[in-house]
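Chains as they are written, first to last, in UniProt numbering: chain X, 1 to 401; chain V, 1 to 401.
Just so it is clear, CB atoms sit at the ideal spot from N, CA and C, and this is done for glycine as well.
Below: the structure, in structure tokens.
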């Protein structure tokens, strides 16, 4: 099978030969090249690695439903309760998760780490909804589910047991959240999280909103457990909005420790990005960083639309990147950066100039999209996209909805 | 003439009667209402006040041209020189300004304050290019031109004289820039700016990138001159990125003084918005604030696309607004907030709940756009737009380009 007339990472017009779902050859584009009828016409578009959304909450989304005014009270607990009071008014979780995942795939995402909220109110209902979306799209995207204790592990009865059940039933990652500010007992919280990780031999992903040095304190507790349990390479910190908002020596130490323990990071490109650890320095230190869309038009926030290219623009914008190399690095992070979190065997980014994913030997997980250059494509966010997973077209000719 | 079946600010389906370019009546929508054949079919879309872009650089844009990698060196001088070294490689200024202004109108902007760079290199050539765009679209948008000394007033010979010529030839506003960090002689810089303002009886708009307390120092010099020359209501501060990044007492004092001297502000919704003066507090203090798109895909930055609805989303995002009232306030700022800077006789916003511009007596300067609610429209940024100025359709059925 051939993908004809595409420009890998903005390079020369090429034809890609696909064998067994992988790129077997990258050849100069030749309009006269023989074609068995199964080829994809790239029409001169860019061929880019498809997106990996490493931090999204499929189960909370209301994308495509009538818009609902925001009623959340501030803070994690207030927003969690706002969701709890209303989510049963919506169509079933499986319906909403399946619809959003389909939309994400149409726009170029083929790998997902989705949170599935586990709490005393919803039990495993949301987890099962995310499982249904994963199953519905299993040929189009790879979905890894995190069992996520959104309302804490200690505040309500039975949550660790529900987490344990989810991990025995298809959840692949153990989630944790704000060890200090939510459960207010960081040691107990983290002991449960890492205990479940040990029992299920699963990686850990901690959702960290805590400010300044409190966030650093929680992070240090996580680093300590990662080292003690030999979990190098298996721990992700999500958000970590504030780890760059303390003294420079501390943030430098954290980057070094993250590299040393192979802690990965998931960012959602927040408006307060300037308080986070600096992206380019994380990459240069060899720390795996991925991008995610977080909650999308849900009880938490009206933002988000299932489009990782929009979010890639947001990553560039919030980092105030202007040089093309850095803007294009955002696509590398949003695609292969995240992929290396979900599959640590994949090569990681170590330079902002790395442009992986469209070479001989790579899985043909691709987005074809218009753009003079990759930076132009990030700015323009064109809608004429063709999405391939393992060399097979899984979405084409996106119509704006 | 009628605009049928629209929802003003998200309200009930209505028919708007237009007389002499103004809204003469807002009536419940009645499909059977008599029609002389000149009506506009709103198709149930929102009817919103059209946008006012109060801070854009029409003359520097490269929108629609082949994407050019960013070559700017950091800092205002480095970026100015990058532009100077390359801008003559592009099509004539008049062509580029006219094309972008047309695109801005298609997306819903009908009022513009555009910078026209005046410097020793370009003389009046850029100013004349902006003048040509203003003339080309004179029936579709109102354009106010600022004579803007991008490379300073003191560093190169003859700039004040060029500014004087521009102000005698159609420029309506005197620009200034970073009194301390660019010319490095704030008193001389501001004396020239305010001297030209007095001579031409023109308002002043100062482009302020200066950090922290240096920005406050320059601002205080500007406030002093505003008071001494009786220029209340005629001075705008643009950018002022950093006036919220000092001690709280100082930022509070500045907001009070801006209200007292009727200083207005133009923001471009930068990524570092959290360092600026707080938008909602400015509004509540009665300070006029408008939104602008700044440079758009130019030698300074690859961002910007002529779409003020995108920029309105950016204003909400960078302010981390989630409640609907605040998100909708961003549209009020982007439309009537800016309009009150360009025409101080217009009513100003004094509450984040103000929803002006679509009532009996208002000029029929409107955008019709899809949206369940106004906040949903800001999130979705739909492309099916009809734009009216003074009751006349000036753009319709936007096709994505």
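Below 8 angstroms on the Cβ atoms is my guess for residue i versus residue j; work out the distance and round it to an integer in Å.
i, j, result
"residue 124 of chain X", "residue 153 of chain X", "Going by Cβ atoms, the distance from residue 124 of chain X to residue 153 of chain X rounds to 15 angstroms, so no, they are not a contact pair."
"residue 133 of chain V", "residue 126 of chain V", "Residue 133 of chain V to residue 126 of chain V, Cβ: 11 angstroms. No contact."
"residue 180 of chain V", "residue 218 of chain V", "5 angstroms"
"residue 251 of chain V", "residue 243 of chain V", "6 angstroms"
"residue 324 of chain V", "residue 283 of chain V", "Residue 324 of chain V to residue 283 of chain V, Cβ: 16 angstroms. No contact."
"residue 72 of chain X", "residue 300 of chain X", "6 angstroms"
"residue 200 of chain X", "residue 177 of chain X", "Not a contact, Cβ separation roughly 18 angstroms."
"residue 62 of chain V", "residue 298 of chain V", "6 angstroms"
"residue 215 of chain X", "residue 344 of chain X", "Residue 215 of chain X to residue 344 of chain X, Cβ: 25 angstroms. No contact."
"residue 411 of chain V", "residue 120 of chain V", "The first residue shown for chain V is 1 and the last is 401, placing residue 411 of chain V beyond what the model contains."
"residue 202 of chain X", "residue 172 of chain X", "6 angstroms"
"residue 379 of chain X", "residue 313 of chain X", "7 angstroms"
"residue 140 of chain V", "residue 389 of chain V", "6 angstroms"
"residue 273 of chain V", "residue 100 of chain V", "Not really, about 24 angstroms apart at Cβ, beyond 8 angstroms."
Between the beta-carbon of residue i and the beta-carbon of residue j, is there less than 7 angstroms?
i, j, result
"residue 56 of chain V", "residue 290 of chain V", "no"
"residue 2 of chain X", "residue 15 of chain X", "yes"
"residue 213 of chain X", "residue 246 of chain X", "yes"
"residue 209 of chain X", "residue 189 of chain X", "no"
"residue 130 of chain X", "residue 118 of chain X", "no"
"residue 268 of chain X", "residue 294 of chain X", "yes"
"residue 371 of chain X", "residue 46 of chain X", "yes"
"residue 49 of chain V", "residue 335 of chain V", "yes"
"residue 205 of chain V", "residue 170 of chain V", "no"
"residue 318 of chain V", "residue 353 of chain X", "no"
"residue 167 of chain V", "residue 136 of chain V", "no"
"residue 59 of chain V", "residue 109 of chain V", "no"
"residue 286 of chain X", "residue 18 of chain X", "no"
"residue 358 of chain V", "residue 8 of chain V", "yes"
"residue 42 of chain V", "residue 6 of chain V", "yes"
May I ask you to list the residues that DSSP assigns as paired with residue i?
i, result
"residue 324 of chain V", "According to DSSP, residue 324 of chain V bridges with nothing at all."
"residue 117 of chain X", "X:148"
"residue 267 of chain X", "X:291"
"residue 404 of chain V", "With chain V represented from 1 up to 401, any question about residue 404 of chain V goes unanswered, as that position is not in the structure."
"residue 407 of chain X", "The structure shown does not extend to residue 407 of chain X, since chain X spans only 1 to 401, so no value can be given for it."
"residue 315 of chain V", "Bridge partners of residue 315 of chain V: none, in fact."
"residue 177 of chain V", "V:207"
"residue 386 of chain V", "V:368 and V:396"
"residue 51 of chain V", "V:109"
"residue 62 of chain X", "Answer is none; residue 62 of chain X lacks a bridge partner."
"residue 22 of chain V", "V:19 and V:363"
"residue 236 of chain X", "X:205 and X:264"
Give every residue of the same chain whose Cβ lies closer than 8 angstroms to the Cβ of residue i, excluding the five residues on either side of it in the sequence, and list them in chain order.
i, result
"residue 393 of chain X", "40, 386 and 387"
"residue 128 of chain V", "93 and 94"
"residue 266 of chain V", "54, 55, 113, 205, 236, 237, 238, 239, 289, 290, 291, 292, 338 and 341"
"residue 33 of chain X", "2, 4, 15 and 27"
Closest to residue i by CA distance: which of the options is it?
i, options, result
"residue 260 of chain X", "X:110, X:223 and X:93", "X:223"
"residue 377 of chain V", "X:69, X:31, X:52 and X:33", "X:69"
"residue 44 of chain V", "V:369, V:196 and V:287", "V:369"
"residue 453 of chain V", "X:232, X:327, X:303 and X:304", "What is shown of chain V runs 1 to 401, which leaves residue 453 of chain V out entirely."
"residue 196 of chain V", "V:183, V:248 and V:165", "V:165"
"residue 81 of chain X", "X:150, X:198 and X:91", "X:150"
"residue 381 of chain X", "X:35, X:389, X:6 and X:305", "X:305"
Taking only heavy atoms of the ligand PLP into account, decide whether any of them is closer than 6 angstroms to the Cβ of residue i.
i, result
"residue 283 of chain V", "In terms of ligand content, the structure shown is empty, and the ligand PLP therefore cannot be addressed."
Does the beta carbon of residue i sit closer than 7 angstroms to a beta carbon anywhere in chain B?
i, result
"residue 278 of chain X", "Among the protein chains of the structure shown, namely X and V, there is no chain B."
By Cβ distance below 6 angstroms, which residues in the same chain neighbour residue i in space, the five residues on each side in sequence not counted?
i, result
"residue 77 of chain V", "none"
"residue 23 of chain V", "16, 360, 362 and 364"
"residue 346 of chain V", "339 and 340"
"residue 307 of chain V", "107"
"residue 142 of chain V", "111"
"residue 349 of chain V", "283, 332 and 337"
"residue 321 of chain V", "327"
"residue 329 of chain V", "352"
"residue 258 of chain V", "287"
"residue 264 of chain X", "236, 288 and 341"
For residue i, I'd like the list of residues in its chain whose CB is within less than 7 angstroms of its CB, leaving aside the five on either flank, ordered along the chain.
i, result
"residue 20 of chain X", "none"
"residue 281 of chain V", "255"
"residue 186 of chain V", "179, 180, 218 and 221"
"residue 194 of chain V", "204, 225 and 229"
"residue 276 of chain X", "240, 241, 243, 244 and 267"
"residue 86 of chain X", "299"
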